[in-house]
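Report on the following structure.
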Amino acid sequence: MPTIGDLFRLAQKRAPTSFEAGELFRFATGVGPLDDWSGPATSQMQADLERCLELREGGYPIQYIVGGWEFYGLPLTLGPGVLIPRQDTETLIDLALEYLKRAALPTPEVVDLGSGSGCIAMAIKAEYPAAAVTAVEISEEATTFLERNISDIGLDVTAVLGDMREYTHPRKIDLLLSNPPYIPFAELPGLQREVLHEPTLALDGGKDGLDFYRAIAVRYKPQLAPGGTVLLEIGAGQRDDVCDILAGAGFAEITSHNDLNGLPRVIRARG
Ligand code: GLN
1 MPTIGDLFRL AQKRAPTSFE AGELFRFATG VGPLDDWSGP ATSQMQADLE
51 RCLELREGGY PIQYIVGGWE FYGLPLTLGP GVLIPRQDTE TLIDLALEYL
101 KRAALPTPEV VDLGSGSGCI AMAIKAEYPA AAVTAVEISE EATTFLERNI
151 SDIGLDVTAV LGDMREYTHP RKIDLLLSNP PYIPFAELPG LQREVLHEPT
201 LALDGGKDGL DFYRAIAVRY KPQLAPGGTV LLEIGAGQRD DVCDILAGAG
251 FAEITSHNDL NGLPRVIRAR G
């Protein structure tokens, strides 16, 4: 009969990284670092770990297997039907917080378009509680996760089920945020096998990947407060096009900001 330590070594052998091995082991066994690892593993632990490792080996995202992941220190519940938050998106959060602190408005009106799990909206509310944060999401499945995360974590974020291309905010917006779908349609089938398990709705940016930037630029320019700012996450090679789209819609002070890998990841502009 294998010991708990044997199961840990099994996970280490089969998971793609030792970090993932640790997460899958912990999820499947419920065993922590302070427990005794020399004792026998139960057959339930063995079966659960085997199932997790098989799913992972088949390219199923670890975040869906363990049912959640951390983003900006927040424990988010995740599953099929909602985009998995990426570390790249922390760049957008950092810039948003920088803006909020500099503007120092008493109740800045913040809107996150295509909120998915709510990672952006909730990180902003957690780090800057004075903000009035609205999260707009078109997918009912994703909105289920969004609402659950809002209530589990206990942050006062308003979830709106709706299409960002048609949404009108009831008040002027001080800070508009979005990580919209930005993958060119033709590139979708060639994505990493993990990404293929994520909702197409959250990835498909149309023929050139830029559909949502065009829609956002036109629809939200008139909805911004004076001095209002927009921060948009972008994909590979989209910097110049997104800057042009924003300039064409009348935005000013357009700048590009790199992620931790040194790649252009966020475009900032003033309305
Ligand atoms: N960052 C995601 C990816 O490339 C894409 C998310 C999006 O389209 N906004 O995997």
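Note that the sequence shown ends on residue 271 in the working numbering; no numbers are left out. The beta carbon of each residue, even a glycine, is placed where N, CA and C say it ideally should be.
When DSSP assignments are scanned along the segment 100 to 167, the uninterrupted stretches of alpha helix (DSSP H) that are 4 or more residues long and fall wholly within it turn out to be 119 to 127 and 140 to 153. For S43, the enclosing alpha helix (DSSP H) has its first and last residue at S43 to E57. At least one heavy atom of the ligand GLN lies closer than 7 Å to the C-beta of V195.
Set against 7 Å, the gap from the CB of I183 to the closest heavy atom of the ligand GLN is smaller. Pairwise C-beta distances place the segment 180 to 198 out of contact with the segment 154 to 162, as fewer than three of them are shorter than 8 Å. Contact annotation: Y128 and T229 have beta-carbon atoms that are not nearer than 8 Å. At least one heavy atom of the ligand GLN lies less than 7 Å from the C-beta of P180. The three-state reading of DSSP puts S256 in strand, counting E and B together. Relative to the ligand GLN, D241 has its C-beta separated by 7 Å or more from all heavy atoms. About 5 Å separates the beta carbon of P108 from that of A131, a gap short enough to meet the 8 Å contact definition. Inclusion of L246 and A217 in the CB contact set at 8 Å is warranted, their separation being smaller than that value.
CA-CA distance, Y167 to Q223, rounds to 10 Å.
I267 has L232 and S256 as its beta-bridge partners, per DSSP. Ranked by Cα distance from D208, the first of R219, P61 and V242 is V242. The residue among Q44, A236, G114 and S256 with its C-alpha nearest the C-alpha of L95 is S256.
K172 and L188 have their C-alpha atoms some 35 Å from each other.
The secondary-structure analysis by DSSP pairs I183 across a beta bridge with D204.
In the structure shown, G68 falls within a strand segment according to DSSP collapsed to helix, strand and coil. For the 8 Å CB-CB criterion, A252 and A225 do not form a contact.
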